[in-house]
Structures are given as structure tokens and as C-alpha cells.
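These notes are about the structure you will find just below.
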Amino acid sequence: MIEDAAFYIFAGVSLFSAIAVVLSKNIVRAAVGLLGTLGGVACLYFLADANLLGVIQLIVYAGGTLILIVFGIMLTSQSPWVGFLPTKVQAIAASIVAVILTIGIVRLVTLVPWAQRNPDELSQSLTVKSIGDALLTTYLVPFEVASVLLLVVMIGAAYLARTEK
Amino acid sequence: MPQSMLASMWMPSAEELSQLAPLFALVATIVALLLAAMFTNRNRNVAASIVTLGAIGTGLLAWKRLQSGAPSWAGFDPNGMGPMLISDTFSQFFIVLACVFMLVVTAMWWLGQKSDLPDSEVHRMDATEFFVLFVGSAFGMSLMVSTTNLLMIILAVEMASLPSYGITAFRKKNRVAAEASMKYVLFGAITSAIMIYGASLLYGYYQTLDLATIGMKIAADMQAGATTGTLFLSVAVFAFMVGIAFKVSAVPFHFWCPDVFQGASIEVTTWLSVASKAAGLGLMLRVLSVIICAPSAFPVEAFKYVSLAIAIMAALTCTVGNLAAYRQMNLKRLLAYSSIAHAGYMLMAVAILWSPTDAGIGAAHPAFSAIVSYIIVYLLMNAGAFFVVAMVYWSTGSESITAMNGLIRRSPMLAVCMAIILFSLVGMPPLGGFMAKFYLLMAVWKGGLYWLVVIAVLNTLISLYYYARIVRAMILTDDGLPEISAPMSGQLIVAMCTIGIILTGVLLGPMKEIANNNASNLYAVVKSDVAPRTASAAGPSAATPNTENADTAPTIP
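Listed in order, the protein sequences are those of chains H and C.
Taking this note's numbering, the leading residue of the first sequence gets 1, the next gets one more, and so forth.
Taking this note's numbering, the leading residue of the second sequence gets 166, the next gets one more, and so forth.
Next up, the structure:
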């Protein structure tokens with residue numbers, strides 16, 4: 001019961017902040033709205049027993065990425081309160097696409113008999129220890145490939161961001 | 166069990182590691198590049214030499230594995246989840262192609278140094294970064310053709326894409342390059358998101374990341390008479406395909422292609438034009454072969470829609486590519502649209518994968534060999550064409566079609582080779598381009614998609630016009646431009662490509678045989694190797710979904 005209530009509260013928070021992100025005419029406010037969305041999703045992860053994922057969501061997205069975005073806005077825009085308005089045609093086209101997508105996704109999700117997993121077994125497999133084990137055994141290859149990917153991308157980013165002498 | 170495995174420090178066996186030797190060689194090349202830069206004060210020639218050696222080494226390792234025809238899977242999967250990586254003749258064949266092409270691009274980089282153009286300066290200074298990104302994208306493309314695991318596919322596509330964004334923007338002071346890279350990033354991000362959504366649907370429903378297992382579960386569902394799957398499967402598989410269609414630059418995911426090809430430096434354009442598309446098609450074949458061919462005994466309605474969508478996409482890709490190439494004045498942009506059109510031809514054969522063949526499931530589908538031999542010829546044609554454009558650019562500083570004026574006088578050798586290459590791109594007999602297209606369209610015809618063949622033939626006629634425009638500029642228009650000082654080695658590469666095109670036109674029969682042998686392995690993954698492996702390895706860990714409980718797929722306990 002209380003879990004249900006918490007679910008609706010957090011889902012509502014992330015939903016309304018997401019709408020605020022889309023509708024806000026001020027880019028900084030949009031960034032703050034994003035904080036609500038990402039935080040709300042993190043709480044949903046906690047509710048689903050995915051503790052590690054929730055913490056990662058808070059640290060990487062709500063913490064890191066969002067601050068990066070705010071810094072990006074501060075450093076690049078002429079004025080910190082710069083607004084950006086889509087044209088009417090863009091707004092209408094985007095809303096049509098969004099409505100069709102929403103109907104499609106909702107239909108898809110409700111139509112399909114999703115597999116149900118035993119909650120006890122599930123919470124067992126979601127501990128930090130079991131995730132760590134999996135990363136170094138079953139998912140060793142993706143783990144290593146991701147590290148090569150990060151190395152290469154970091155070099156690319158460092159090159160692109162470096163000022164020319 | 167994970168605990169005991171950690172206690173004994175679980176390691177993949179040396180045999181499994183040795184199966185992935187070509188991939189390790191590519192990573193080692195990246196590391197060697199970085200270390201060498203530290204010790205040689207970022208010497209650009211050392212960097213280029215390391216890439217050359219790395220490409221040769223990787224190619225030889227892959228070639229050795231290709232010859233041995235050894236076991237076709239290599240998975241690091243202590244829990245019996247199905248292989249993370251697959252090392253079969255199909256993947257090794259693509260890795261060999263990628264290495265050959267890496268050598269071509271490195272040669273182009275080397276020769277381009279000698280020209281005095283402003284943007285060659287950048288490449289001179291920052292060779293290390295350039296080659297790290299370049300080899301990184303080659304590594305990603307090699308991964309793309311060596312896996313049937315959803316997670317690995319996503320990582321591989323990112324590994325191929327992210328460094329490509331970097332090398333596109335490599336000329337930092339060039340506005341066109343920056344804009345192109347920006348478009349590339351935005352498109353790539355959106356298509357990746359759609360792809361990951363499709364993958365998450367598949368994973369959420371089938372509870373496994375292994376596509377071969379998913380294929381078997383679909384087959385089991387069909388056998389059990391499940392009906393809910395059609396809409397779900399169409400959406401999930403198609404969404405997953407979007408990310409791959411972006412790499413192949415299929416319409417409507419092609420918008421990045423002309424801008425990127427024009428904005429990037431010519432080495433990068435050459436690399437992306439062939440490697441990115443070949444890897445995308447390889448991945449597409451891989452994905453479709455494992456999820457479509459396992460259940461092909463039971464016709465899956467959903468795949469009919471996916472195939473139809475791919476067929477429509479192929480027709481659009483061809484037509485849009487050819488029509489847009491009409492009015493292009495920039496050679497790189499023109500070749501970009503031409504490469505979109507060629508991707509369309511190749512996608513046509515992908516669309517018929519769904520239809521069963523007379524030969525039955527065991528034999529290789531004709532579409533595989535048709536696409537693989539098309540890719541070989543396409544590689545030769547594009548390498549040759551871009552090399553000629555590069556050499557013209559190095560000596561004139563212009564990428565416009567007018568830079569080709571009077572090439573027959575300025576450099577007869579290049580003009581003749583370019584004319585042959587262009588006619589092969591159109592698909593004129595008896596050149597390789599014709600034979601490859603002929604086999605491909607024959608496969609499509611036999612697959613029953615007659616309207617697609619008609620569209621392809623009409624498109625070939627359209628394409629004649631804009632390819633012939635370059636030939637006309639080379640031979641009929643002469644406005645007295647000075648002679649081209651093309652480096653000998655560059656001319657040699659162009660000549661080799663041209664000879665290759667003529668030879669493939671005559672000898673496509675044997676080449677098709679080779680392509681057939683290499684592609685037939687795709688089925689082996691589904692048919693013989695994965696099934697017994699998952700069944701036997703899953704033994705103690707009953708929680709792992711395996712083939713046995715596949716027939717209870719919709720309600721996994």
C-alpha cells in the first residue's frame with residue numbers, strides 16, 4: 001500500500017518535471033526540471049529494489065551530467081537567461097509524433113504478457129556483490145569493451161577540447 | 166556458481182582467448198599507439214607505421230583463423246548464457262576486409278601528407294589522436310560482425326560510432342566539419358536511443374540477451390500457437406534495426422551521410438563510406454540470420470512486416486540516393502549519395518532473408534553470398550574512386566567536379582581507371598559492379614520481390630547520368646588545368662582496384678563460392694553450436710534461461 005503510494009508520488013514527480021522541461025521557455029529552468037525527472041526515476045529504481053542502479057542514477061545523472069549541462073549553459077550562452085522557442089510548425093509536428101509514440105508505447109506495454117520474476121530471487125540478484133560478480137565473469141567482455149570505448153572516447157574528447165597553439 | 170569461480174580467480178581459457186586474437190591485436194594497436202607517442206615525442210610516422218603493422222598483423226591473424234575454419238563460437242560465458250563474441254569465418258572474413266581497408270586509408274593518409282593543403286597540417290600534428298580514433302572505430306566495426314548478444318551489439322555500435330564522430334570533426338578549424346560532426350552526433354544519439362529501446366523490449370520479454378536464444382524462443386512461441394507477438398515483435402525488431410540502418414545510412418536515417426562525407430577529410434570519408442556500411446550490413450545479416458532462421462520452420466508473421474519495412478526502406482534509399490546525387494557539384498558529396506544508393510541495393514537482398522529458399526534451412530541463403538560479394542566489389546570501387554578524388558584534391562585543392570576537367574590529358578592513367586570504376590559503379594557489364602548487382606538482383610527476383618527489382622533497374626538507369634557527368638568532365642571538357650602530380654604509389658593502388666574490378670567481373674563465380682562459404686557459417690551459430698552448448702553448460706545454474714525451457718517462453722518462472 002505505502003509502496004504503491006510512493007510509486008505514484010515519484011512517478012508523478014518525474015512526469016511533471018519532464019513536462020516542465022519540455023514546456024519551460026527558460027533553459028536554466030528546464031535544467032532544474034531535469035533534476036526532478038532524474039531524481040524521481042532514481043527513487044523509482046530504489047522502490048524496485050535496484051539500489052545500485054538508483055545510486056548510479058543519482059551520482060552520474062542527477063549529480064554529474066546535470067551539473068555538466070548547467071555549466072555548459074553558463075559557459076556557452078551569451079546571457080544566462082537565454083530562451084529558445086520552437087516555431088509553431090515544429091511544436092505541432094513534435095506533439096503529433098509524441099502523441100503517436102505515447103499511444104504506441106502504452107499499447108505495446110499493456111498488450112504484452114511480460115514475464116514475472118520471483119521478487120525474492122530478483123532482490124538476491126540485484127545486490128552490489130552479485131552485480132560485481134557478474135561484471136567480472138559473465139559480463140567480462142562487455143565490461144572490457146566498455147573500458148576500451150571510454151579510453152578512445154576520452155582521447156577524442158581531449159583532442160577536440162584542446163585549444164590550438 | 167559465481168562465488169567458487171571468483172575463489173579460483175575465474176579466467177577464460179587460453180583456447181577461447183586465442184579465438185579472439187584479431188580483436189586483441191586491434192586493442193594492442195591502440196595501446197601501442199599511445200605508448201609510442203609518449204616515447205617518440207608524438208612522431209607521426211611512427212604512429213602511421215604502428216597502424217600499418219597493426220592492420221597487417223590483425224589481418225594475418227584473422228586470415229589464419231579464416232583458413233582453419235575452426236569452431237565458430239567464442240563466448241566468455243561461465244554461466245552458459247550463449248556466446249558474447251563469435252569468431253567464425255563470417256566475422257573473420259569481415260575483419261580481413263576491414264584490415265585491408267585500414268591499409269588503404271593509412272596509405273591515403275601517408276600520401277596526403279605530402280600535399281601542401283591547410284588541412285593536412287592538422288593530420289601531421291595530431292597523428293596519434295587521429296589513429297587512436299581510427300583504430301577504435303575499426304575495433305568497433307570488427308565487434309559489430311562478431312556478436313549476437315544484444316548488449317555487445319549496442320556496445321559495438323557505439324564503439325564504431327563515437328570515434329567516427331571524433332574523426333569527422335578532426336579538422337577543428339573547419340566549420341563544415343564541425344557542423345557535419347554535430348549532425349552525426351545528434352543523429353547517432355537518437356538512433357542509438359531507439360535501438361536500445363528495441364533491445365530493452367526484446368530483453369524484457371524474452372529475459373535473455375542472446376539473440377540465438379531469442380530466436381529459439383520465438384520459434385517455440387510460434388509452435389505453441391502464440392498470437393500476441395506480432396505487433397510486439399515487429400516494433401521491437403524494427404526499433405532495434407533503426408540503429409543499424411543508421412550505420413548503413415538507409416533512408417530516412419541518411420541525413421548525416423552527405424554532410425559528414427563532405428565535411429570530413431578525405432581519408433575519413435573513404436573509411437566511413439565502406440567500413441561503416443559493410444559493418445552495418447554484416448551486423449544486419451548476423452541479427453536477422455539468428456532471429457529469423459531459427460524459427461523459419463514456423464512462419465513468423467512479424468518478420469514479414471519487418472522484411473517489408475526493410476524492402477520499402479531499400480527502395481527509398483536507392484531512389485533518394487540516386488535522385489539527390491543528380492545536382493551535386495562536390496565530388497565527395499556526390500559519392501556520398503552514390504554510396505547511399507549502393508546501400509539501398511544491398512538492403513534489397515536483406516529484405517528477402519525472410520523468405521524461405523528451395524534449398525532449405527541448412528544451405529546458405531542466396532542473399533548472404535550476394536551481399537558479401539557486393540561488399541567486396543563495392544570496397545574496390547569506392548577505394549579506387551576516393552583515391553582518384555583524393556589525388557586530384559591534393560594537387561588542385563578542389564573537390565568540385567570541375568577539378569576533374571580534362572583529366573584524360575592531365576593524368577591519362579587516373580582518368581582511364583576512374584572511368585572504369587565509375588562504369589562499374591553504374592553496373593555496366595562486364596565489370597565487377599555489374600556482376601555483383603546482377604547476382605544480387607537475381608537473388609531478390611527469386612525471393613519474389615519483383616517490384617524491388619524493377620525499382621533497382623530504374624535506379625541504375627538514373628545513376629548512369631550522374632556518373633557519366635564525371636566521365637564527361639574528365640574526357641570532353643578541358644579548360645587547360647595543369648597536369649596532376651599524382652604519387653606513384655597512389656596510382657598503383659588505383660590501378661590495383663581497377664584490375665580487381667575487372668577481375669571480379671570475369672571471376673565472380675569463384676568469388677561467389679568464397680562468399681558463400683564464409684556466409685554459411687552464420688547458420689552454424691544457430692543450428693549446431695549454441696544449442697548444445699547452452700544446454701550442457703547451463704546444467705547446474707538452473708536460473709539461466711536455456712533452450713530446454715524455451716517452449717515456456719511467455720511465462721518464465
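A virtual CB, placed ideally from N, CA and C, is assigned to each residue, including glycine.
Because the structure is a prediction, the values reported are computed rather than measured.
Could you have a look at residue i and say whether DSSP puts it in helix, strand or coil?
i: C:Leu488; result: helix
i: C:Ser565; result: strand
i: C:Leu544; result: helix
i: C:Leu250; result: strand
i: C:Asn682; result: helix
i: H:Asn51; result: helix
i: C:Asn624; result: helix
i: C:Asp281; result: coil
i: C:Asp386; result: helix
i: C:Thr699; result: Note that C:Thr699 scores 36 on pLDDT, short of 50, meaning its location in the model is unreliable; the coordinates nonetheless yield the value given after this. The answer is helix: DSSP assigns C:Thr699 an H, G or I state.
i: C:Asp291; result: coil
i: C:Ile526; result: Summary for C:Ile526: the model assigns pLDDT 47, below 50, so the residue's position carries little reliability; its value from the coordinates is reported in the next sentence. Three-state DSSP puts C:Ile526 in coil, outside helix and strand.
Give the range of the alpha helix (DSSP H) segment to which residue i is assigned.
i: C:Leu418; result: Correcting the residue type first, residue 418 of chain C is Phe in the shown sequence and not Leu. Counting along the chain, C:Phe418 falls outside any alpha helix (DSSP H), and DSSP gives it neither H nor E.
i: H:Thr137; result: Run containing H:Thr137: none; DSSP gives neither H nor E here.
i: C:Arg340; result: Arg340 to Tyr371
i: C:Phe397; result: Gly394 to Val413
i: C:Thr642; result: That residue, C:Thr642, is in no alpha helix (DSSP H); it is neither H nor E in DSSP.
i: C:Gln232; result: Arg209 to Ser233
i: C:Leu657; result: Met653 to Val671
i: C:Leu515; result: Note that residue 515 of chain C corresponds to Val in the displayed sequence, not to Leu. That run of the alpha helix (DSSP H) goes Leu496 to Ala516.
i: C:Thr205; result: Unbroken run through C:Thr205: none, as it is neither H nor E.
i: C:Met333; result: Sequence inspection shows Thr at residue 333 of chain C; the Met mentioned does not correspond to that position. Leu315 to Thr333 is the extent of the alpha helix (DSSP H) around C:Thr333.
i: H:Tyr61; result: Taken as a continuous stretch (DSSP letters only), H:Tyr61 belongs to no alpha helix (DSSP H), as it is neither H nor E.
i: C:Lys602; result: Gly597 to Lys611
Is the shortest distance between the beta-carbon of residue i and the beta-carbons of chain H less than 8 Å?
i: C:Glu129; result: The requested residue 129 of chain C does not occur in the structure, where chain C is confined to residues 166 to 722.
i: C:Met360; result: no
i: C:Leu298; result: yes
i: C:Met249; result: yes
i: C:Met317; result: yes
i: C:Asp253; result: no
i: C:Arg698; result: Reliability of the predicted coordinates at C:Arg698 is poor, the pLDDT of 35 falling under 50, and no value is obtained from them.
i: C:Glu294; result: yes
i: C:Leu320; result: yes
i: C:Pro417; result: no
i: C:Gln372; result: yes
I want to verify the contact list: residues of chain H whose CB lies under 8 Å from the CB of residue i, in sequence order.
i: C:Ile664; result: Residues of chain H passing the Cβ test: none, with the nearest at roughly 36 Å.
i: C:Leu308; result: Val145
i: C:Val400; result: Gly104 and Leu108
i: C:Ala334; result: Leu160
Return no unless some Cβ of chain C is closer than 8 Å to the Cβ of residue i.
i: H:Pro119; result: no
i: H:Tyr8; result: no
i: H:Gly156; result: yes
i: H:Tyr45; result: no
i: H:Tyr61; result: no
i: H:Leu38; result: no
i: H:Val13; result: no
i: H:Val32; result: no
Kindly list, in the order they appear in chain H, the residues whose Cβ is closer than 9 Å to that of residue i.
i: C:Phe533; result: Within chain H, no residue comes near C:Phe533; the closest Cβ sits about 26 Å away, beyond 9 Å.
Quick one: which chain H residues come within Cβ less than 7 Å of residue i?
i: C:Gly369; result: Trp114
Out of curiosity, what's the CA-to-CA distance linking residue i and residue j?
i: C:Thr194; j: C:Ile215; result: 7 Å
i: C:Val554; j: C:Met290; result: 23 Å
i: C:Phe255; j: C:Asn683; result: 5 Å
i: C:Gln232; j: C:Met661; result: 24 Å
i: C:Ala479; j: C:Ala508; result: 8 Å
i: C:Leu188; j: C:Glu181; result: 12 Å
i: C:Leu617; j: C:Leu450; result: 19 Å
i: H:Pro142; j: C:Leu316; result: 7 Å
i: C:Ser503; j: C:Asn624; result: 11 Å
i: H:Val89; j: C:Phe420; result: 20 Å
i: C:Pro531; j: C:Leu499; result: 31 Å
i: C:Gly301; j: H:Val152; result: 6 Å
i: C:Asp253; j: C:Arg336; result: 38 Å
i: C:Ala201; j: C:Val211; result: 7 Å
What does residue i reach in chain C if we use C-beta pairs closer than 8 Å?
i: H:Val148; result: Val192, Ile195, Gly301, Phe304 and Met324
i: H:Pro86; result: Neighbours of H:Pro86 on chain C: none; closest Cβ ~15 Å, over 8 Å.
i: H:Val41; result: Result: empty, since nearest Cβ-Cβ is about 14 Å, beyond 8 Å.
Could you name the residues of chain C that residue i contacts, counting a contact when the two beta carbons are closer than 9 Å?
i: H:Val22; result: What H:Val22 touches in chain C: nothing, since even the nearest Cβ is about 16 Å away.
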